Each structure stands twice: as C-alpha cells, then as structure tokens.
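Per the numbering used here: the sequence shown = residues 19 to 183.
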Amino acid sequence: MKPGDFLFSRRMRQNHALEHATVTILSRMVPDLRVSARATTDGFLMFGSDVDLAVLRRAAEEALQRLQAGEAELAIHPNCGTNLAVGISLVTIGTMLGFASSRTRTRVTSTVLSSVAGLLAARPLGELVQKYVTTLPDLRGVRVTEIRRRKIFGFQVIEVRTAQE
C-alpha cells in the first residue's frame, strides 16, 4: 500500500492526475481560461468559464495519452488546492509553535518567522504531496467515457467521466 492509497483511492488519485493534465493542456488551447476543477472517483468536475466541450474532449484525450506515455509531470499542477492546504497547515503549525514561547518578544518573532517559512515551503512541499499522495499518473486502462454539462445546486458544471478497464 502506498501513502496516497491510505488517504485517497487509486481512482481518485488517477482522476486528480488527469484533471491536472487536462487543465494544463486546455489552458494552452484556451489562453484566457479561468476554471477550477475537482477530482471524483468517477472523473472530475470543472467549474468556471464556458468551455467548448469538443475542445475539452481533445484536451482530456491528449492529457490521457500523454500521461499513459509517461509524462508524469503533467500530474503536478502549481495551482492545486493541495499546495494551499499544505501552506495553511505549515503556517498554522508555525503559528502554534510560535505561541508556545513564554516570552512575548520570542513569541512574536518565532511566529512571524515560522509562518513566513511555511509560506515559502508551501509550493515545493505541496508539489511533493501531489506527487506521492494526491495524484497517480499511472493511467493504464483508464479512458474518458463522457463529457457533459450539468447543473449542481443551480451552478453549471462540466462533468468529465472516466472508467477503468
């Protein structure tokens, strides 16, 4: 069992990798793209701009092929929520450690320094967490089955569904 399998299912991690790769490729096809996405066990949901479904299909298929061909770096995205979660966690831990000091001056200085260190470390550590815990670029046997628009709680989203053969 790998570390990511304990917290996230294999399918969720694979779909998270495909989501990142698709958004990366789609952003090259649509320069002013403004979307966010969320992996699920059945694929991923995309929120944001009105994306042409045919263009999205081409991006998703290209992303899938490139991941299957070994371009694992496409699974890591600099704007992933994992980076934010890691950053918030590091800043919180730094602040808590800073407040542990009994001297006010030391407490303020260590809180500020540890919080800044947490912010600086957030992206590189977040990308490591993506690589080993939240994404899995091994997409052998995965295929995109359906891409459709739907409404969830009154908001229009695009659902990209995948299947494992």
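We put the beta carbon where it would ideally sit given N, CA and C, even for glycine. From a predicted model like this one, the values you see are computed outputs, not experimental measurements.
{"query": "Using CA coordinates, which residue listed in L131, V69, V147 is at the minimum distance from R168?", "result": "V69"}
{"query": "Looking only at its own chain, which residues have a Cβ that is under 8 Å from the Cβ of A181, when we skip the five neighbours before and after it?", "result": "V160, R161, T163"}
{"query": "Just list the residues that DSSP pairs Q182 with in beta bridges.", "result": "V160"}
{"query": "Flag this pair as touching only if the segment 66-83 and the segment 134-143 have three or more C-beta atom pairs under 8 Å; answer yes or no.", "result": "no"}
{"query": "Starting from T127 and walking both ways along the alpha helix (DSSP H), at which residues does that stretch end?", "result": "122-147"}
{"query": "Identify the residues that DSSP records as bridge partners of F65: which are they?", "result": "S54"}
{"query": "Mapping the DSSP letters down to three states, classify V151 as helix, strand or coil.", "result": "helix"}
{"query": "Leaving out five residues on either side along the sequence, give the residues of the same chain with a beta carbon under 7 Å from the beta carbon of A139.", "result": "L108"}
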